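Engineer: Order-wise, the sequence lines are chains U and B.
Residue numbers for the first sequence follow the working numbering, so the first one is 3 and each next one is one higher.
Residue numbers for the second sequence follow the working numbering, so the first one is 2 and each next one is one higher.
Built from N, CA and C at the ideal position, the CB exists for glycine as well.
Since the model is a prediction, treat every value here as computed from it, not as a measurement.
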Amino acid sequence: MMRKIIKYVLGDIIRNKMVLVYTILLFVISLSVFNIETNTSKGILSLLNIILLIVPLTCIIFSTIYIYNSSEFIELLVSQPIKRKTIWYSLYFGLVLSLSLAYIIGIGLPALYYFPNAKGLMILVVGLFLTWVFVSIALLIAGSSRDKTKGIAIAIVSWLFFAIFYDILVLFILFQFQDYPLEGAMIVLSFLNPIDLSRIQLLLQIDAAAIIGYTGAVFKIFFGRGLGILICVLSMCAWFLIPLWLSVKIFQKRDI
Amino acid sequence: MFKITFIPNIILNYLFKFSDKLKGSRYSLSISLILCIGISPSYAGVIIVDKSQAIQTVQQGISQAKNGDTVYVQAGVYHESKLIIEKSITLIGKGWPVIDAQNKGEIFFIRSRNVWLQGFKLQHTGRSDLKEIGAVMIYDSYAITVLNNQIEDANFGISVQNSKCCTIKDNHIKAFNKDEVLSGNGIHGWKADSLIIIGNTISGHRDGLYFEFVKNSLIWRNVSTQNVRYGIHFMFSNNNTYIGNIFEKNEAGVAVMFSSKIQMYNNYFYDNWGDATYGILLKEITDSHISGNSFVQNTIALQMEGCSRIMIFKNKFINNGFALKIQASCDDNAFTSNNFIANTFDIATNGTLVLNTFDGNYWDKYEGYDLDRNKIGDISFHPVSLYSMIIAHNPAALMLFRSFMVTLLDKSEKLMPIITPESLVDHFPHMKPFDL
Numbered sequence: 003m004m005r006k007i008i009k010y011v012l013g014d015i016i017r018n019k020m021v022l023v024y025t026i027l028l029f030v031i032s033l034s035v036f037n038i039e040t041n042t043s044k045g046i047l048s049l050l051n052i053i054l055l056i057v058p059l060t061c062i063i064f065s066t067i068y069i070y071n072s073s074e075f076i077e078l079l080v081s082q083p084i085k086r087k088t089i090w091y092s093l094y095f096g097l098v099l100s101l102s103l104a105y106i107i108g109i110g111l112p113a114l115y116y117f118p119n120a121k122g123l124m125i126l127v128v129g130l131f132l133t134w135v136f137v138s139i140a141l142l143i144a145g146s147s148r149d150k151t152k153g154i155a156i157a158i159v160s161w162l163f164f165a166i167f168y169d170i171l172v173l174f175i176l177f178q179f180q181d182y183p184l185e186g187a188m189i190v191l192s193f194l195n196p197i198d199l200s201r202i203q204l205l206l207q208i209d210a211a212a213i214i215g216y217t218g219a220v221f222k223i224f225f226g227r228g229l230g231i232l233i234c235v236l237s238m239c240a241w242f243l244i245p246l247w248l249s250v251k252i253f254q255k256r257d258i
Numbered sequence: 002m003f004k005i006t007f008i009p010n011i012i013l014n015y016l017f018k019f020s021d022k023l024k025g026s027r028y029s030l031s032i033s034l035i036l037c038i039g040i041s042p043s044y045a046g047v048i049i050v051d052k053s054q055a056i057q058t059v060q061q062g063i064s065q066a067k068n069g070d071t072v073y074v075q076a077g078v079y080h081e082s083k084l085i086i087e088k089s090i091t092l093i094g095k096g097w098p099v100i101d102a103q104n105k106g107e108i109f110f111i112r113s114r115n116v117w118l119q120g121f122k123l124q125h126t127g128r129s130d131l132k133e134i135g136a137v138m139i140y141d142s143y144a145i146t147v148l149n150n151q152i153e154d155a156n157f158g159i160s161v162q163n164s165k166c167c168t169i170k171d172n173h174i175k176a177f178n179k180d181e182v183l184s185g186n187g188i189h190g191w192k193a194d195s196l197i198i199i200g201n202t203i204s205g206h207r208d209g210l211y212f213e214f215v216k217n218s219l220i221w222r223n224v225s226t227q228n229v230r231y232g233i234h235f236m237f238s239n240n241n242t243y244i245g246n247i248f249e250k251n252e253a254g255v256a257v258m259f260s261s262k263i264q265m266y267n268n269y270f271y272d273n274w275g276d277a278t279y280g281i282l283l284k285e286i287t288d289s290h291i292s293g294n295s296f297v298q299n300t301i302a303l304q305m306e307g308c309s310r311i312m313i314f315k316n317k318f319i320n321n322g323f324a325l326k327i328q329a330s331c332d333d334n335a336f337t338s339n340n341f342i343a344n345t346f347d348i349a350t351n352g353t354l355v356l357n358t359f360d361g362n363y364w365d366k367y368e369g370y371d372l373d374r375n376k377i378g379d380i381s382f383h384p385v386s387l388y389s390m391i392i393a394h395n396p397a398a399l400m401l402f403r404s405f406m407v408t409l410l411d412k413s414e415k416l417m418p419i420i421t422p423e424s425l426v427d428h429f430p431h432m433k434p435f436d437l
């Protein structure tokens, strides 16, 4: 049953053409960045900000709007003898599959073509994780709020929070507690934002010169080693599993 | 054959002058020839040290030699130490004879003038907490040449103290030290004058090259790598010239202090990476030139504290964490025609007071334009970013590195400098990198 719904959702999204535009956008950006920049690692760095801003933004906004727009379809499905859990997961997987595909074609494959090494792989993996995380956050938002306008507003605000405000908050904490050793605290704080976590992981692969001084050494030791990478992967998984699980709980109890 | 055992200097000088006057004529040649034939036999004392012959130890060879003699040491392993040379002799190893001190102390101990030491493999001096033990110790000497030796596992490699006009050339000095306290320096100069140190390779010592109160010296084409502390370290050493040396992968990079009139040309500072590791740290250096050097992949390529009147031009700063950290205590230093390429941060400083000039460099982070096509950007460039100030004060801010928010802050700060020093500016930034 799940497969059928996923198939339907996928077909619907592809007919929507938004994802197609997203794919082409990413593809054009990545190709131009890789071709224009003569300094390849500089190219990756320009791409970095695009990945860290555009991917979360598109994923969260598109998914939120999609859920709201298919509210009638969801109502129809709920009236059928199908578990609500199945409906919700199918929606999630439909969205995630289409957006991941867009990312793989748009950035993942060009990145792997130009950087057939750990750098390219890291770009692919980080982008995919970000896609999954922000789709699941979108589902949580769309699930918890009935009002479409309010939901989209929350989606935009939460993107702003993760992309910008969180860093301002971190900077504020840094200045307030600058007399204390904050390296450990910074590591903990970076786990609380999937965008920061992705950025640090990517930078460790790309920009060796960025890893400066004692803090750099602490970061490198923590994030660069096997256990650190494992913890990063686990926390990224937590970042998409927990919102998804919460949204399922909400959807199951919701009065439609 | 006749011998001239003694020719007064006056006569010699007269003869040379006379031969100069006759330059071009056939007499000059014949006079020089006569001089050569006449003088050389008197220096011809040759002593051969060989395990299978009469003189079996280097010690015996040295004891029997008179001023001006040459001691040849044939290949073999000699377990000797504390060989004291107090006369003008030439010691040459044939086929790399090994002198192994078996951790009992110094090997050569030179207190003389005109000594030539060449072609030995010196090893295992051992170490002491009380005194400096080295493979070649030169004290109170003049015109000593140490040429083409291999020194392995010595506490100090070659130590020159209170001496003048010594040449240390083409030696390979290697140790396997793990920590700073127990190890000595590769080439150690103390209170010396007019040294020439060329083409040595040094690794695994505390400091590759160490000078204290050394002046008027030339340090050329040495390679100092993987030392436990600094590649080169000098203090109170004025009027020295450093050319074409390579300092690579030293634990703490290079640090030089309290000296003036230093010339540093075409040296290569590469891959000195770690916390508190500098490509080069200049502390209280004055009236000097630093030019043509390459700083590649260092945590901090150039750190300056309390430096005055240094001309820094035509250097390359590539792929460093910080290309330059300049303290507000520096004044009258001029940076021109340098290339700053692919550094994480170009310049960091610790205050708003800037008494140095940074005009006419190439910065790859410069985003200005050049409407009049004179290859110089039309708007000036502020190389200090807000974030570099933040991270200099607060290293934990590394977490925000390349964050979008930080980029925004940097951009707004560039438009309206509030925190970054407004006077740290390149008024004539070049559009294209210099061809260095």
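In three-state DSSP terms, what is Gly46 (chain B)?
Structural biologist: Numbered from its first residue, the second sequence carries residue 46 (chain B) at position 45. DSSP places Gly46 (chain B) in coil when its eight states are reduced to three.
Engineer: Residues of the segment 384 to 412 of chain B with a CB closer than 9 angstroms to any CB of chain U: list them in chain order, please.
Structural biologist: Listed by position along the chain: Ile391, Ile392, His394, Asn395, Pro396, Ala397, Ala398, Leu399, Met400, Leu401, Phe402, Arg403, Ser404, Phe405, Met406, Val407, Thr408, Leu409, Leu410.
Engineer: So if I threshold CB-CB distances at 8 angstroms, which residues from the segment 190 to 206 of chain U count as touching chain B?
Structural biologist: Cβ contacts with chain B: Leu191, Ser192, Asp198, Arg201, Ile202, Leu205.
Engineer: Using a Cβ-Cβ cut-off of 7 angstroms (strictly less than) and excluding sequence neighbours within five positions of Trp247 (chain U), which residues of its own chain qualify?
Structural biologist: The residue labelled residue 247 (chain U) in the question sits at position 245 within the first sequence. Within the same chain, Trp247 (chain U) has no close Cβ partners at all.
Engineer: Does the beta-carbon of Ile12 (chain B) have 16 or more other beta-carbons within 10 angstroms, so that it is buried, or is it exposed?
Structural biologist: Within the second sequence, residue 12 (chain B) is the residue found at index 11, counting from 1. Per-residue confidence for Ile12 (chain B) stands at a pLDDT of 45, beneath the threshold of 50, marking its modelled position as unreliable; the derived number appears in the next sentence. Looking at its Cβ environment, which holds fewer than 16 other Cβ atoms inside 10 Å, Ile12 (chain B) is exposed.
Engineer: For Met236 (chain B), which three-state DSSP category applies?
Structural biologist: Position 235 of the second sequence, counting from 1, holds the residue named residue 236 (chain B). In the structure shown, Met236 (chain B) sits in a strand (DSSP, three-state: E or B).
Engineer: With 9 angstroms as the C-beta to C-beta threshold (strictly closer), list the residues of the segment 155 to 168 of chain U near chain B in chain order.
Structural biologist: Of all residues in the segment 155 to 168 of chain U, Ala165, Ile166, Phe167, Tyr168 have a Cβ within less than 9 angstroms of some Cβ in chain B.
Engineer: Going by DSSP, which residues form a beta bridge with Asn340 (chain B)?
Structural biologist: Position 339 of the second sequence holds residue 340 (chain B). Answer is B:Lys317, B:Tyr363, bridged to Asn340 (chain B).
Engineer: Given that Glu185 (chain U) touches chain B, what residues does it touch there, using C-beta distances under 7 angstroms?
Structural biologist: For this step, residue 185 (chain U) is matched to residue 183 along the first sequence. The answer, in chain order, is Ala397.
Engineer: Determine the closest residue to Val116 (chain B) out of B:Gln103, B:Gly293, B:Ile63, B:Gly280, with distance taken between C-alpha atoms.
Structural biologist: Stepping through the second sequence from its first residue, residue 116 (chain B) is reached at position 115. If we check each option's Cα against that of Val116 (chain B), B:Ile63 comes out closest.
Engineer: Closer than 7 angstroms by beta-carbon distance: list the chain B residues that pair up with Met188 (chain U), in chain order.
Structural biologist: By 1-based counting over the first sequence, the position of residue 188 (chain U) is 186. Chain B residues near Met188 (chain U): Ala397, Met400.
Engineer: Quick one: grab the DSSP three-state call for Gly135 (chain B).
Structural biologist: Residue numbering aside, residue 135 (chain B) sits at position 134 when the second sequence is read from its first letter. Three-state DSSP puts Gly135 (chain B) in a strand.
Engineer: Would you list, in sequence order, the uninterrupted alpha helix (DSSP H) runs of no fewer than 4 residues that lie entirely inside the segment 162 to 241 of chain U?
Structural biologist: Entirely contained in the segment 162 to 241 of chain U, the alpha helix (DSSP H) runs reaching 4 residues are, in chain order, 168 to 178, 185 to 193, 196 to 208, 215 to 226.
Engineer: In chain order, what are the residue ranges of uninterrupted alpha helix (DSSP H) at least 4 long that sit wholly in the segment 155 to 203 of chain B?
Structural biologist: Whole alpha helix (DSSP H) segments, 4+ residues: zero.
Engineer: Run through DSSP, which three-state label would Met288 (chain U) get?
Structural biologist: Coverage of chain U is limited to positions 3 through 258, which leaves residue 288 (chain U) absent and any answer about it impossible.
Engineer: Are at least three pairs of beta-carbons, each pair with one atom in the segment 408 to 427 of chain B and one in the segment 63 to 75 of chain U, less than 8 angstroms apart?
Structural biologist: Result no; under three Cβ-Cβ pairs closer than 8 angstroms.
Engineer: For the putative contact between Ile2 (chain U) and Ile109 (chain U), defined by C-beta atoms under 8 angstroms, what is the C-beta separation to the nearest angstrom?
Structural biologist: No answer is possible for residue 2 (chain U): it lies beyond the span of chain U, which begins at 3 and ends at 258.
Engineer: The beta strand (DSSP E) that contains Ser292 (chain B), what's its start and end?
Structural biologist: By one-based count along the second sequence, residue 292 (chain B) stands at place 291. Per DSSP, Ser292 (chain B) belongs to the beta strand (DSSP E) from 279 to 292.
Engineer: My output table needs one value for Ile16 (chain U): the three-state DSSP class, helix, strand or coil.
Structural biologist: Position 14 of the first sequence, counted from the start, is the residue given in the question as residue 16 (chain U). Note: Ile16 (chain U) maps to helix in three-state DSSP.
Engineer: Residues in its own chain within less than 7 angstroms of Phe253 (chain U) by CB, not counting five upstream and five downstream?
Structural biologist: To locate residue 253 (chain U), count along the first sequence from 1; it is residue 251. Excluding residues within five positions, the ones whose Cβ falls inside 7 angstroms are Arg86, Trp90, Gly145.
Engineer: Out of B:Phe318, B:Asn223, B:Ser142, state which residue places its alpha-carbon closest to the alpha-carbon of Ile174 (chain B).
Structural biologist: Your numbering for residue 174 (chain B) matches position 173 in the second sequence. Of the listed residues, the one whose Cα sits closest to Ile174 (chain B) is B:Asn223.
Engineer: Taking beta-carbon pairs under 9 angstroms, can you tell me which members of the segment 45 to 57 of chain U lie near chain B?
Structural biologist: Result list: Leu47, Leu50, Asn51, Leu54, Leu55.
Engineer: Going straight from the alpha carbon of Arg374 (chain B) to that of Ser204 (chain B), what length do you get?
Structural biologist: On the second sequence, residue 374 (chain B) is found 373 positions in, with the first residue counted as 1. On the second sequence, residue 204 (chain B) is found 203 positions in, with the first residue counted as 1. Their Cα atoms are separated by approximately 49 angstroms.
Engineer: Say whether the segment 99 to 117 of chain U touches the segment 140 to 159 of chain U, bearing in mind that this needs 3 or more beta-carbon pairs closer than 8 angstroms, one atom from each stretch.
Structural biologist: Short answer: they don't touch.
Engineer: Which value, in whole angstroms, describes the spacing of the CA atoms of Ile199 (chain B) and Ala136 (chain B)?
Structural biologist: Start at 1 with the first residue of the second sequence, and residue 199 (chain B) comes out as number 198. Start at 1 with the first residue of the second sequence, and residue 136 (chain B) comes out as number 135. Roughly 18 angstroms between the two C-alpha positions.
Engineer: Compare the C-beta of Gly218 (chain U) with all C-beta atoms of chain B and state if any pair is closer than 8 angstroms.
Structural biologist: Residue 218 (chain U) sits at position 216 when you count from the first residue of the first sequence. Gly218 (chain U) counts as touching chain B.
Engineer: Taking C-beta pairs closer than 8 angstroms, name the residues in chain B that Glu170 (chain U) reaches, listed in chain order.
Structural biologist: For the purposes of this step, residue 170 (chain U) is taken as residue 168 along the first sequence, with counting starting at 1. Note that residue 170 (chain U) is Ile in the sequence shown, not Glu. Within chain B, the residues near Ile170 (chain U) are Met406.
Engineer: Compute the beta-carbon to beta-carbon distance between His125 (chain B) and Asp154 (chain B), rounded to the nearest angstrom, for a pair I have assumed lies under 8 angstroms.
Structural biologist: Mapped onto the second sequence, residue 125 (chain B) falls at position 124. Mapped onto the second sequence, residue 154 (chain B) falls at position 153. At roughly 5 angstroms, the Cβ-Cβ gap stays under 8 angstroms, so His125 (chain B) and Asp154 (chain B) are in contact.
Engineer: Mind checking which residues open and close the beta strand (DSSP E) that includes Phe346 (chain B)?
Structural biologist: As a working note, residue 346 (chain B) is residue 345 in the second sequence. 346 to 350 is the extent of the beta strand (DSSP E) around Phe346 (chain B).
Engineer: Closest to Gln264 (chain B) by CA distance: which of B:Tyr271, B:Asn299, B:Arg310, B:Phe429 is it?
Structural biologist: Taking the first residue of the second sequence as position 1, residue 264 (chain B) is located at position 263. Cα-wise, what sits closest to Gln264 (chain B) is B:Arg310.
Engineer: Under 8 angstroms, do Leu194 (chain U) and Cys234 (chain U) count as touching if we go by C-beta distance?
Structural biologist: Here the question's residue 194 (chain U) lines up with position 192 in the first sequence. Here the question's residue 234 (chain U) lines up with position 232 in the first sequence. Result no, Cβ atoms of Leu194 (chain U) and Cys234 (chain U) do not sit closer than 8 angstroms.
Engineer: Once the 5 residues before and after Gln298 (chain B) are set aside, which same chain residues still bring their CB inside 7 angstroms of it?
Structural biologist: Here residue 298 (chain B) refers to the residue found at position 297 when the second sequence is read from its first residue. The answer, listed in chain order, is Tyr271, Asp272, Trp274, Asn320, Asn321.
Engineer: Is Thr408 (chain B) buried or exposed, if buried means 16 or more other CB atoms sit within 10 Å of its CB?
Structural biologist: Sequence index remark: in the second sequence, residue 408 (chain B) carries index 407 (1-based). So Thr408 (chain B) counts as exposed.
Engineer: As a quick exercise: from B:Val255, B:Thr91, B:Ser225, pick the residue whose alpha carbon is nearest that of Thr71 (chain B).
Structural biologist: Within the second sequence, the letter at position 70 stands for residue 71 (chain B). Here the closest residue by C-alpha is B:Thr91.
Engineer: Take the Cβ of Leu1 (chain U) as the centre, count every other Cβ of all protein chains shown within 10 Å, and call the residue buried at 16 or more, exposed below.
Structural biologist: Any property of residue 1 (chain U) remains undetermined from this structure, which presents chain U solely from 3 to 258.
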